[in-house]
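Residue numbers (my numbering), protein chains in the order written: chain A, 4 to 113; chain B, 4 to 113; chain C, 14 to 164; chain D, 14 to 164.
Ideal Cβ positions, reconstructed from N, Cα and C, are used throughout, including at glycine.
Owing to the predicted nature of the structure, the values given are computational and were not obtained by experimental measurement.
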Amino acid sequence: MDIDKKQVRDTLVVRLAGELDMMVTDRLRQELDETIDQGRVRMLIIDLERVSFIDSSGLGVLIGRYKKMSALNGRMFIVGAKTSVEKILCFSGVNKLIPLYKNEREIISN
Amino acid sequence: MDIDKKQVRDTLVVRLAGELDMMVTDRLRQELDETIDQGRVRMLIIDLERVSFIDSSGLGVLIGRYKKMSALNGRMFIVGAKTSVEKILCFSGVNKLIPLYKNEREIISN
Amino acid sequence: MSVKNYVQFEFPSKPENVSFSRSCVGAFATQLECTLEDIEEIKLVVSEAVSNSIIHGYDNQPNEKIRIIVSIMDEGTLEIVVQDFGKGIQNLDQAMEPAFSSDPARMGMGFTFMKSFTDELDVVTAPGEGTCICLRRTFSRPDEDDFPEGG
Amino acid sequence: MSVKNYVQFEFPSKPENVSFSRSCVGAFATQLECTLEDIEEIKLVVSEAVSNSIIHGYDNQPNEKIRIIVSIMDEGTLEIVVQDFGKGIQNLDQAMEPAFSSDPARMGMGFTFMKSFTDELDVVTAPGEGTCICLRRTFSRPDEDDFPEGG
Ligand SMILES: Nc1ncnc2c1ncn2[C@@H]1O[C@H](COP(=O)(O)OP(=O)(O)O)[C@@H](O)[C@H]1O
Ligand SMILES: Nc1ncnc2c1ncn2[C@@H]1O[C@H](COP(=O)(O)OP(=O)(O)O)[C@@H](O)[C@H]1O
C-alpha cells in the first residue's frame, strides 16, 4: 500500500494505492492519526482511486478516522472509489457516514 | 484459449488468445492440422499478440506445425509475440526455424 | 454432489498471506462460469475468513497454521473451507451478529460479508481447538446449462 | 537458512491446474523483491514441472495428487518443490539432456527451462514412487540490501 499525503491549510488529502486489508491497517491508522493530530487537520479526504480491494479491516480504519474527525468537529470524504470498492462502501453503510464523491472538485461544488 | 482462423487462398492466419500450455495443446494441434489438411494451406501465420504465456508444451505445438508445413513444402511465420513470449521463442531457438515478425505487413515487405 | 476439482493449501498466519490466499482462491474460481464481480466477492469472503483466523483465532501470532480447501462441485458450486487451530469462538450466536466484534477497533462486519456474498455459511468451532468456516456458492445449476459437459 | 514464509498446496493432476498453480506460485513470489520478468520466469518453471508430473508422472491421469511447497528464505531465496507420486524417472541423466523427451510430440525442453531460469535444480526420483523437483532461485542477497529488515 502506497500512502501519499498532501496538506493545504487544515485539509489533508490522502491518496492510497494498493489493497486495503489487515496487512496495512496498523500503518495506515498510525500515519493518518499522526498527521491529523500534528497538522490540526479539520477536513480529511481519502482518495481511493488506485485502491483495487477493500475488506472489513480496511473499512474499519476509515470508520475509525471518521469517528476521530467527528470528535474534532472536522469532516471526512471519500473520492474516486472504483465500482468494486464503492459497492463494499455502500453495502456496509460506510457511505452514509462518509460521503462518497467522484473527485475533489465534486466536494467543493456541493 | 481462443483460436481464431482466417484463410485467404493458401494462407492461413491463426490468432491465438490466452495461455499456451498443455491445457490447450491437443485442441490447438488438432484444429490446426485439420485446417491445414482440408484447406491445402501452404503458408501458416500464427499471431501471438494476445498470448500472455507460453511454455514448452506450447512451443512443441508450434514446432510440430513447422515440421508439418515443411513436409508440405509450405512456410510458417509467427507475428506479434509480446516481449515475454518472444524471449521464450528465442531462448528455445524456435525463432531460428519459424521466423518472428512484428505483424503481417512485415512478412510481406520481407 | 461430486468434486470436479479441488485445491488444498496451508500457510502460516502472516498478514501478507491474506492477500495471497484470496488471490489464489480467486484464481481457482475462474475455472467456474463466473463474472469478475463474482471473483471480487469470493476474494472478499476469503479475506474476511483468513483475517479472522489470524486476528481472532491466533491473536496475530504469525507462525500458526491456516488451511484452505477450495472445491468445485459438479453442479457449479464453489466450496471454500477456511480452517484454523486457534482459540475458537466461545459464543457463536453473538459472534455472527452484525456489528459484533470482540475488538473495539474492528467493525464486526466479517461474518455479515461472508453470509451476504455466499449461499451457505457453516461454522464449526470449539474453544481452544479452532474454527472451521465453510462457505458455499453456486454459480450455475445444471438446469441453466444447455450443454452439460458431464462429470 | 530459515524460512520466512511458505505455502504448501495439493491438487489433482488436471490440465487446468497447470495454469492455476503457476499463477499461485507467481502470486506468492511477489512477496520477494523481484521484477515482473522474474515472476514470468518463475511461472514458466512451475508450468514445466507441473506439466511433467501430469504428462509423464501420471500419464495424463487426472485424479492423481500433485504437491507444491513454496518457501521464501531469509536471504531472498525462493524454493519451489514440485512433487508427484507417479511413475518416476528411470534414467535421470538422459531425462535431463536438452531435447530429450520420451514423448516424440514434445520438445524435451522442460528440464532445460527449469535449469536455465533457476540457480539450483535438484531432482529426487524413484521408479514407481514418484518425482520431486526442487528449484531454488535467489533474488537479493543480504549484502546487496542496504536496509536489511531482519528475520
Ligand atoms: N477464526 C476465529 N477465531 C476466533 N474468533 C473468531 C474467529 N472468527 C471470528 N471470531 C469472533 O467473531 C467475532 C465477529 O467476527 P466478524 O464478524 O468477522 O467481525 P470482526 O472480525 O470485525 O471482529 C470476532 O470479533 C471474534 O470475536
Ligand atoms: N515428473 C516426471 N515423472 C516421470 N518422468 C518425467 C517427469 N519429468 C520428466 N520426466 C521424464 O524426463 C523427460 C524430459 O523431460 P523434459 O525435459 O521436461 O521434456 P518433455 O517434458 O518435453 O518430455 C520426459 O520426457 C520424461 O520422460
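Distances between the C-beta of T144 (chain D) and the heavy atoms of ligand 2 include at least one below 6 Å. With contacts defined as CB atoms closer than 7 Å, C147 (chain D) and V83 (chain D) fail to qualify as a contacting pair. Taken in chain order, no unbroken stretch of beta strand (DSSP E) lies wholly in the region 80 to 106 of chain A with a span of 3 residues or more.
For L35 (chain B), the secondary structure class from DSSP, reduced to helix, strand or coil, is helix. By the Cβ criterion, the region 17 to 31 of chain D is not in contact with the region 34 to 53 of chain B, since fewer than three pairs of Cβ atoms, one from each stretch, lie closer than 8 Å.
When the alpha-carbon of N18 (chain C) is set against those of D:E29, D:K17, D:A118, D:M14, the nearest one is in D:E29. Only exposed fits D7 (chain B), as fewer than 16 other CB atoms lie within 10 angstroms of its CB. Within the region 74 to 150 of chain C, the complete beta strand (DSSP E) runs of at least 3 residues fall at 78 to 86, 90 to 97, 133 to 139. Selection D:H69, D:D87, D:M127 evaluated against S115 (chain D) yields D:H69 as nearest (Cα-Cα).
The criterion of a C-beta distance shorter than 7 Å is not satisfied by I81 (chain B) and I66 (chain B). Under the Cβ criterion of 7 Å, S64 (chain C) is not counted among the residues facing chain D.
Between the region 51 to 65 of chain A and the region 75 to 91 of chain A, the count of C-beta pairs closer than 8 Å reaches three or more; the two stretches touch. The beta-carbon of R119 (chain D) is placed less than 7 Å from the nearest beta-carbon of chain B.
Take V137 (chain D), set aside five residues on each side of it, and the residues of its chain with a beta-carbon closer than 6 Å to its own are C145, in chain order. Each residue's CA atom was taken as its position, placing S95 (chain B) and A62 (chain C) some 44 Å apart.
Within chain D, the residues placing a beta-carbon under 7 Å from that of G67 (chain B) are A118, ordered along the chain. In the DSSP assignment, the residues bridged to K8 (chain A) are A:V17. Note that the C-beta distance between F113 (chain D) and G101 (chain D) is not below 7 Å. Residues of the same chain with a CB within less than 6 Å of the CB of Q107 (chain C), apart from the 5 flanking positions on each side, are F113 in chain order. Chain-order list of chain A residues neighbouring V136 (chain C): empty, with the shortest C-beta distance near 17 Å, by a criterion of under 7 Å. The Cβ of C37 (chain C) sits closer than 7 Å to at least one Cβ of chain D. In its chain, beyond the 5 residues on either side, R45, M46, L47, M72 have a beta carbon closer than 8 Å to the beta carbon of R78 (chain B). Assignment of K17 (chain C) by DSSP, reduced to helix, strand and coil, places it in the strand class. Taking the Cα of A139 (chain D) as reference, the smallest distance to any Cα among D:F152, D:F98, D:G123, D:P111 is reached at D:F98. Taking 7 Å as the CB threshold, G83 (chain B) stays off the interface with chain D. Within the region 15 to 76 of chain D, the complete alpha helix (DSSP H) runs of at least 4 residues fall at 29 to 42, 49 to 65. Nearest CB-CB separation between F33 (chain C) and chain D: below the 7 Å threshold. With a cutoff of 7 Å on beta-carbon distance, R80 (chain D) and K56 (chain D) are scored as not near each other. Note: R78 (chain B) is bridge-paired with B:M46 in the DSSP secondary-structure output.
The beta carbon of V64 (chain B) lies closer than 6 Å to those of T28, L31, R32 in the same chain, with the five residues before and after it left out. Residue-level contact by beta carbon fails for L103 (chain A) and chain C, as no gap is shorter than 7 Å. For K27 (chain C), the residues of chain D that pass the 7 Å Cβ criterion are N18, in the order they occur in the chain. Per the coordinates, the alpha-carbon of N104 (chain C) lies some 14 Å from the alpha-carbon of P111 (chain C). Residues I6 of the same chain have their beta carbon placed closer than 7 Å to that of E34 (chain A), with the five preceding and five following residues left out of the count.
The C-beta separation of S129 (chain D) from M25 (chain B) comes to about 19 Å, leaving the pair out of contact by the 8 Å criterion. E61 (chain D) belongs to the set of residues whose beta carbon lies under 7 Å from a beta carbon in chain B.
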